[in-house]
Amino acid sequence: MKTVFTMILSIILIGYYLTAKASHFSSKKNTEVNTYSDIYFKLETSSVNINEIIAGATDFALAMCADKAYQEALGNTVASCNFQFEESKNVCSKHIMKNAKQHYTDKAAVTLLTERFINCVSAA
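Have a look at this one:
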(Lines of atoms letter the chains of each structure in order from A and count residues from 1; the text may use other names and numbers.)
(Lines give C-alpha, C1' and ligand atoms only; values in the text may rest on other atoms or scores of the structure.)
Protein backbone atom coordinates (compact mmCIF):
# COMPACT_ATOMS: atom_id res chain seq x y z
CA MET A 1 0.00 0.00 0.00
CA LYS A 2 2.82 2.37 0.88
CA THR A 3 4.52 1.67 -2.47
CA VAL A 4 1.33 2.34 -4.43
CA PHE A 5 0.80 5.61 -2.57
CA THR A 6 4.42 6.66 -3.24
CA MET A 7 4.08 5.86 -6.95
CA ILE A 8 0.82 7.82 -7.27
CA LEU A 9 2.35 10.78 -5.45
CA SER A 10 5.43 10.60 -7.69
CA ILE A 11 3.30 10.56 -10.84
CA ILE A 12 1.30 13.57 -9.64
CA LEU A 13 4.45 15.53 -8.74
CA ILE A 14 6.11 14.70 -12.07
CA GLY A 15 2.93 15.81 -13.86
CA TYR A 16 2.92 19.14 -12.02
CA TYR A 17 6.61 19.63 -12.74
CA LEU A 18 6.22 18.94 -16.47
CA THR A 19 3.16 21.19 -16.70
CA ALA A 20 5.04 24.03 -15.02
CA LYS A 21 8.03 23.56 -17.34
CA ALA A 22 5.80 23.49 -20.42
CA SER A 23 3.97 26.68 -19.46
CA HIS A 24 7.25 28.40 -18.60
CA PHE A 25 8.74 27.39 -21.96
CA SER A 26 5.72 28.57 -23.95
CA SER A 27 5.64 31.92 -22.14
CA LYS A 28 9.23 32.63 -23.21
CA LYS A 29 8.24 32.43 -26.86
CA ASN A 30 5.63 35.16 -26.39
CA THR A 31 7.86 37.60 -24.54
CA GLU A 32 6.84 41.17 -25.13
CA VAL A 33 9.81 43.50 -25.51
CA ASN A 34 9.40 46.62 -23.37
CA THR A 35 12.90 47.08 -21.97
CA TYR A 36 16.44 46.75 -23.23
CA SER A 37 17.02 43.51 -21.33
CA ASP A 38 13.82 42.01 -22.78
CA ILE A 39 15.50 42.01 -26.19
CA TYR A 40 18.19 39.62 -25.02
CA PHE A 41 15.79 37.55 -22.93
CA LYS A 42 13.62 36.96 -25.99
CA LEU A 43 16.67 36.24 -28.16
CA GLU A 44 17.34 33.16 -26.01
CA THR A 45 14.25 31.44 -27.43
CA SER A 46 13.27 33.22 -30.64
CA SER A 47 14.10 36.00 -33.04
CA VAL A 48 13.39 39.66 -32.37
CA ASN A 49 12.03 42.05 -34.94
CA ILE A 50 13.30 45.52 -35.70
CA ASN A 51 10.39 47.19 -33.88
CA GLU A 52 11.23 45.28 -30.70
CA ILE A 53 14.86 46.30 -31.01
CA ILE A 54 13.83 49.95 -31.32
CA ALA A 55 11.43 49.62 -28.35
CA GLY A 56 14.17 48.18 -26.15
CA ALA A 57 16.73 50.74 -27.30
CA THR A 58 14.18 53.51 -26.65
CA ASP A 59 13.81 52.31 -23.07
CA PHE A 60 17.59 52.35 -22.62
CA ALA A 61 17.95 55.83 -24.15
CA LEU A 62 15.19 57.22 -21.93
CA ALA A 63 16.83 55.65 -18.87
CA MET A 64 20.08 57.42 -19.82
CA CYS A 65 18.17 60.69 -20.20
CA ALA A 66 16.56 60.26 -16.77
CA ASP A 67 19.94 59.81 -15.05
CA LYS A 68 20.59 63.33 -13.74
CA ALA A 69 24.21 62.68 -12.70
CA TYR A 70 25.03 61.20 -16.11
CA GLN A 71 23.45 64.15 -17.92
CA GLU A 72 25.31 66.65 -15.74
CA ALA A 73 28.59 64.85 -16.47
CA LEU A 74 27.84 65.32 -20.17
CA GLY A 75 26.99 68.98 -19.63
CA ASN A 76 23.29 68.45 -20.35
CA THR A 77 20.08 68.44 -18.38
CA VAL A 78 17.43 65.76 -18.16
CA ALA A 79 14.98 68.08 -19.93
CA SER A 80 17.36 68.81 -22.81
CA CYS A 81 18.11 65.12 -23.25
CA ASN A 82 14.40 64.26 -23.31
CA PHE A 83 13.78 67.06 -25.80
CA GLN A 84 16.64 65.85 -28.02
CA PHE A 85 15.26 62.32 -27.85
CA GLU A 86 11.73 63.39 -28.82
CA GLU A 87 13.09 65.46 -31.71
CA SER A 88 15.23 62.69 -33.15
CA LYS A 89 13.49 59.38 -32.36
CA ASN A 90 11.33 59.25 -35.51
CA VAL A 91 14.19 60.12 -37.85
CA CYS A 92 16.49 57.62 -36.14
CA SER A 93 13.83 54.88 -36.20
CA LYS A 94 13.21 55.38 -39.90
CA HIS A 95 16.94 55.36 -40.62
CA ILE A 96 17.49 52.13 -38.67
CA MET A 97 14.44 50.44 -40.21
CA LYS A 98 15.40 51.44 -43.74
CA ASN A 99 18.69 49.56 -43.59
CA ALA A 100 17.62 46.58 -41.45
CA LYS A 101 16.17 43.11 -41.82
CA GLN A 102 12.83 42.35 -40.20
CA HIS A 103 14.04 39.64 -37.77
CA TYR A 104 17.31 38.97 -35.95
CA THR A 105 18.68 36.00 -34.03
CA ASP A 106 22.31 37.14 -33.69
CA LYS A 107 23.17 39.03 -30.48
CA ALA A 108 26.02 40.92 -32.12
CA ALA A 109 23.76 42.28 -34.87
CA VAL A 110 21.09 43.24 -32.33
CA THR A 111 23.65 44.99 -30.13
CA LEU A 112 24.97 46.92 -33.12
CA LEU A 113 21.47 48.09 -34.08
CA THR A 114 20.63 49.16 -30.53
CA GLU A 115 23.91 51.07 -30.27
CA ARG A 116 23.25 52.82 -33.57
CA PHE A 117 19.78 53.87 -32.46
CA ILE A 118 20.98 55.07 -29.05
CA ASN A 119 23.87 56.99 -30.60
CA CYS A 120 21.52 58.55 -33.14
CA VAL A 121 18.97 59.79 -30.60
CA SER A 122 21.63 61.01 -28.17
CA ALA A 123 23.78 62.85 -30.73
CA ALA A 124 23.75 66.56 -30.07
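What the sequence shown shows, in this note's numbering, is residues 88 to 211, in sequence order.
The beta-carbon is built from N, C-alpha and C at its ideal position, and this holds for glycine as well.
Point to revise | Beta-carbon spacing of Tyr123, Phe147 below 7 Å | key: Indexing the sequence shown from 1 puts residue 123 at position 36. Indexing the sequence shown from 1 puts residue 147 at position 60. Result yes, Cβ atoms of Tyr123 and Phe147 sit closer than 7 Å.
Check your understanding: How should Gly143 be labelled, buried or exposed, when 16 other C-beta atoms within 10 angstroms of its C-beta is the threshold for buried?
Key -> Residue mapping note: residue 143 aligns to position 56 of the sequence shown, counting from 1. Per the 10 Å Cβ criterion, buried.
Review point. Closest to Ser209 by CA distance: which of Ala196, Ala160, Leu149 is it?
Key: The residue you call residue 209 lines up with position 122 of the sequence shown. Minimum Cα distance to Ser209 is reached at Leu149.
Review point. Which term fits Val120, buried or exposed, when burial requires 16 or more other beta carbons within 10 angstroms of its beta carbon?
Key: Walking along the sequence shown from the start, residue 120 turns up at place 33. Counting C-beta atoms within 10 angstroms of its own C-beta, Val120 has 16 or more neighbours from the protein chains shown and is therefore classed as buried.
**Study point:** At least 3 beta-carbon pairs within less than 8 Å: the region 189-196 vs the region 127-140
**Key:** These segments touch.
Review point. Where Thr90 and Thr132 are concerned, what is the direct C-alpha to C-alpha distance, given to the nearest angstrom?
Key: Position 3 of the sequence shown, counted from the first residue, corresponds to residue 90. Position 45 of the sequence shown, counted from the first residue, corresponds to residue 132. Spanning the two alpha carbons is a distance of roughly 40 Å.
Check your understanding: Thinking C-beta only, is Gln171 closer than 7 Å to Val165?
Key -> Numbered from 1 along the sequence shown, position 78 holds the residue referred to as residue 165. Numbered from 1 along the sequence shown, position 84 holds the residue referred to as residue 171. Not a contact, by the Cβ cut-off of 7 Å.
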